[in-house]
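Enquirer: Listed in order, the protein sequences are those of chains G and Y. Each residue of the first sequence is one higher than the one before, counting from 1 in this note's numbering. Each residue of the second sequence is one higher than the one before, counting from 1001 in this note's numbering.
Number of protein chains: 2
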Amino acid sequence: LADAVTVHLVGAGPGDPDFLTVRAHRLLSQADVVVHDRLVDPRVLELVPALAERIDVGKRPGWSGTQDSINGLLISLGSGGGSDRVIVRLKGGDPFVFGRGGEEAAALANAGVPYEVVPGLSSAIAGPASAGIPVTHRGVSASVTVVAGHRQGHDDTDWAALARVGGTIVVLMGVEHRGAIAQELLDGGLDPSTPVALIERATWESQRTLRATLGELGHVSVVAPAIIVIGEVADMALVGHSVSDLILATD
Amino acid sequence: LADAVTVHLVGAGPGDPDFLTVRAHRLLSQADVVVHDRLVDPRVLELVPALAERIDVGKRPGWSGTQDSINGLLISLGSGGGSDRVIVRLKGGDPFVFGRGGEEAAALANAGVPYEVVPGLSSAIAGPASAGIPVTHRGVSASVTVVAGHRQGHDDTDWAALARVGGTIVVLMGVEHRGAIAQELLDGGLDPSTPVALIERATWESQRTLRATLGELGHVSVVAPAIIVIGEVADMALVGHSVSDLILATD
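1. Nearest CA to the CA of serine 1141 of chain Y: which residue from G:Gly99, G:Glu53 and G:Gly132?
2. Taking the continuous alpha helix (DSSP H) assigned at proline 42 of chain G, which residues delimit it?
3. With glycine 1174 of chain Y and glycine 1215 of chain Y assumed to form a contact (beta carbons below 8 Å), what rounded beta-carbon distance in angstroms separates them?
4. Scan the stretch 157 to 185 of chain G for residues whose Cβ lies nearer than 7 Å to a Cβ of chain Y and list them as they occur along the chain.
5. Would you give the residue range spanned by the beta strand (DSSP E) that alanine 234 of chain G belongs to?
6. Please classify alanine 1050 of chain Y as buried or exposed, where buried requires at least 16 neighbouring CB atoms within 10 angstroms.
7. For a quick check, are the C-beta atoms of proline 1114 of chain Y and leucine 1009 of chain Y less than 8 Å apart?
8. Taking the alpha-carbon of proline 1017 of chain Y as reference, which of G:Asp158, G:Val229 and G:Val118 has the nearest alpha-carbon?
9. Taking only beta-carbon atoms, is histidine 150 of chain G less than 8 Å away from chain Y?
10. Is the beta carbon of proline 1042 of chain Y closer than 8 Å to that of alanine 1315 of chain Y?
11. Which one of Y:Phe1019, Y:Ala1031 and Y:His1025 has the shortest CA to CA distance from threonine 1006 of chain Y?
12. Counting only runs of 4+ residues fully inside the stretch 75 to 116 of chain G, write out the alpha helix (DSSP H) ranges in chain order.
13. Which same chain residues end up closer than 8 Å to glutamate 1053 of chain Y when comparing Cβ atoms and leaving out the 5 residues on each side of it in sequence?
14. Looking only at its own chain, which residues have a Cβ that is under 8 Å from the Cβ of glycine 179 of chain G, when we skip the five neighbours before and after it?
15. So, helix, strand or coil for glycine 1127 of chain Y, using DSSP?
16. For proline 1134 of chain Y, would you say it is in contact with chain G, using Cβ-to-Cβ distances shorter than 8 Å as the test?
17. List, in chain order, every chain G residue whose beta-carbon is nearer than 7 Å to that of valine 1057 of chain Y.
18. Kindly indicate which three-state DSSP category arginine 1208 of chain Y falls into: helix, strand or coil?
19. Could you tell me if asparagine 1110 of chain Y is buried or exposed, where buried requires 16 or more neighbouring beta carbons within 10 angstroms of its beta carbon?
20. Is it the case that the stretch 193 to 204 of chain G contacts the stretch 101 to 110 of chain G, given that we only count it when at least three CB pairs across the two stretches are under 8 Å?
21. Which residue marks the beginning of the beta strand (DSSP E) containing isoleucine 1272 of chain Y, and which one marks its end?
22. Look up valine 1196 of chain Y in the DSSP assignment and give the residues it is bridged to.
23. Can you find a heavy atom of the ligand MN that lies under 7 Å from the Cβ of valine 1146 of chain Y?
24. Would you say alanine 1012 of chain Y lies against chain G (beta-carbon separation less than 8 Å)?
25. Less than 8 Å between CB atoms is the rule here; does proline 1119 of chain Y satisfy it with respect to chain G?
26. Decide if glutamate 1176 of chain Y is buried, meaning its Cβ has at least 16 other Cβ atoms within 10 Å, or exposed.
27. If you drop the 5 nearest sequence neighbours on each side, which residues of the same chain put their C-beta closer than 8 Å to that of alanine 249 of chain G?
28. Hey, does alanine 1234 of chain Y have any beta-carbon neighbour from chain G nearer than 8 Å?
29. List the whole-angstrom C-beta distance separating leucine 1172 of chain Y from phenylalanine 1019 of chain Y, where the pair is believed to meet the contact cut-off of C-beta under 8 Å.
30. Considering just the uninterrupted stretch of the beta strand (DSSP E) at serine 143 of chain G, what are its terminal residues?
31. Find out if the Cβ-Cβ distance for the pair glycine 93 of chain G, serine 123 of chain G is shorter than 8 Å.
32. On the CB-based measure, 16 or more other CB atoms within 10 Å of its CB, does threonine 1194 of chain Y come out buried or exposed?
33. Could you tell me whether any Cβ in chain G is nearer than 8 Å to the Cβ of histidine 1137 of chain Y?
34. Based on the DSSP output, what are the partners of glycine 11 of chain G in its beta bridges?
35. Just mark glutamate 1184 of chain Y as buried or exposed, buried being the case when its beta carbon has 16 or more other beta carbons within 10 Å.
36. Tell me whether tryptophan 159 of chain G is buried or exposed, calling it buried when 16 or more other Cβ atoms sit within 10 Å of its Cβ.
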């Protein structure tokens, strides 16, 4: 397209604006249009210039937004001329980890609209870290599998095989089906005493971490969205405590 | 410790300084001491003030650095007084994804030294992204497993089970044992035609991507360090092409 504008598919990370990448921070600060979902931390949106257009495509009454309509919106913005405009499609976490960034990138490519993918911290890793949990740890866990739990029972994941891999399992969007997920992993051979951590609203100011065992997972009272960590590392709590925050300029 | 200084365990991400987090960028710009490994992109070290002390603890002639000696160095720096000093332990990628950040955090905690873990983009996700590969993609891959390949045959990973999980497999530090890894996954039932991508020096200026199949993996000529992506997504190449880079201020 002769008059095309780059659409930047930008990962917002898990919430705290300090955990944006330098490039994401710069793009947001110079944005003319930001297309975002419901689950973006308000502190991140505060970086966007006051006069920029914000388009919320999250699920809500009155918006019948399917992925197709979001793709169409991005194509329209990127075809619209004005090559000095900065167009940001902001996605929680990383665009390429259950973010549908690949679908949006493919749609833009097919329409001849230039795009750039800007990776972000995935909540699957930074979420557990904010609760002091390393997803791998020498002598404890030599792999980490990140899996979506919202289609449990209808997806292509072999949970029984996953139970036998031997490393950490991080389930995103798994709160609703946590009982069924636990049962499949138990059936696959994981011990009911396997440690589990549930991190509600990771890195948000309202973050809360719950600890349980795999046998208890189905009965834990937890509010979505939450990240579920399953494996020996879930017992760890390397949260640290900084004494020098005050001396750092906040530029 | 009364006189302790916070040791910041900071993820450097995959290389390009634009992919540092805002917090990592700020800490490096204000650092008094930076302890780093060999594999840090020189462009990242350029952010450190000229007068700061740089301590290279990477493997090299004359340095007999074990993990214990690195832990001891960090404890010593954090116990040394001068609470206005900014001490950064810089690690490639993310400290908690095969970064031994958990070990260093635990050592500091045991010694009573305050610390902070600053997550970084893991090369396991941002590396494939830089080659246009989404590690998950709706309808193609519903999970991603990140596993270290350098201890293949001596670790606790059940590669045959991993072959049956059904999602993307990302192998870090797997170049040396790529033939044996491929064989275990084939024995576990993966098809020899399964797509494979190998990304050398991801996000560095010298990045190079090779494509192959699982059947060919053992014979691919590749230079370490490289990230190995195994699964249907490895065929994708959503690299985009930005037209608006020039108009972004580089602050």
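Ideal Cβ placement from N, Cα and C applies to all residues, glycine included. Everything numeric in this text was worked out from a predicted model, so none of it was measured.
Expert: From the atom records:
1. G:Gly99
2. 42 to 45
3. Not a contact, Cβ separation roughly 16 Å.
4. Thr157, Asp158, Ala161, Leu162, Arg164, Val165, Gly166 and Gly167
5. Neither: alanine 234 of chain G is in no beta strand (DSSP E) and is coded neither H nor E.
6. exposed
7. no
8. G:Val118
9. no
10. Any answer about residue 1315 of chain Y is impossible in this case: the structure gives chain Y only from 1001 up to 1251.
11. Y:Ala1031
12. 101 to 110
13. Asp1032, Val1033 and Val1034
14. Leu217, Gly218 and His219
15. helix
16. yes
17. Under the 7 Å cutoff, chain G gives no residues; its nearest Cβ is about 17 Å from valine 1057 of chain Y.
18. strand
19. exposed
20. no
21. Absent from the model: residue 1272 of chain Y. The displayed extent of chain Y is 1001 to 1251, so no value can be given.
22. Y:Ala1212 and Y:Ile1230
23. Although the ligand MN was asked about, the structure shown includes no ligands whatsoever.
24. no
25. yes
26. exposed
27. Unreliable placement is indicated for alanine 249 of chain G, whose pLDDT of 39 sits below 50; the coordinate value is still reported in the next sentence. Excluding sequence neighbours, alanine 249 of chain G sits near nothing in its chain.
28. no
29. Going by Cβ atoms, the distance from leucine 1172 of chain Y to phenylalanine 1019 of chain Y rounds to 17 Å, so no, they are not a contact pair.
30. 143 to 148
31. yes
32. buried
33. yes
34. G:Lys91
35. buried
36. buried
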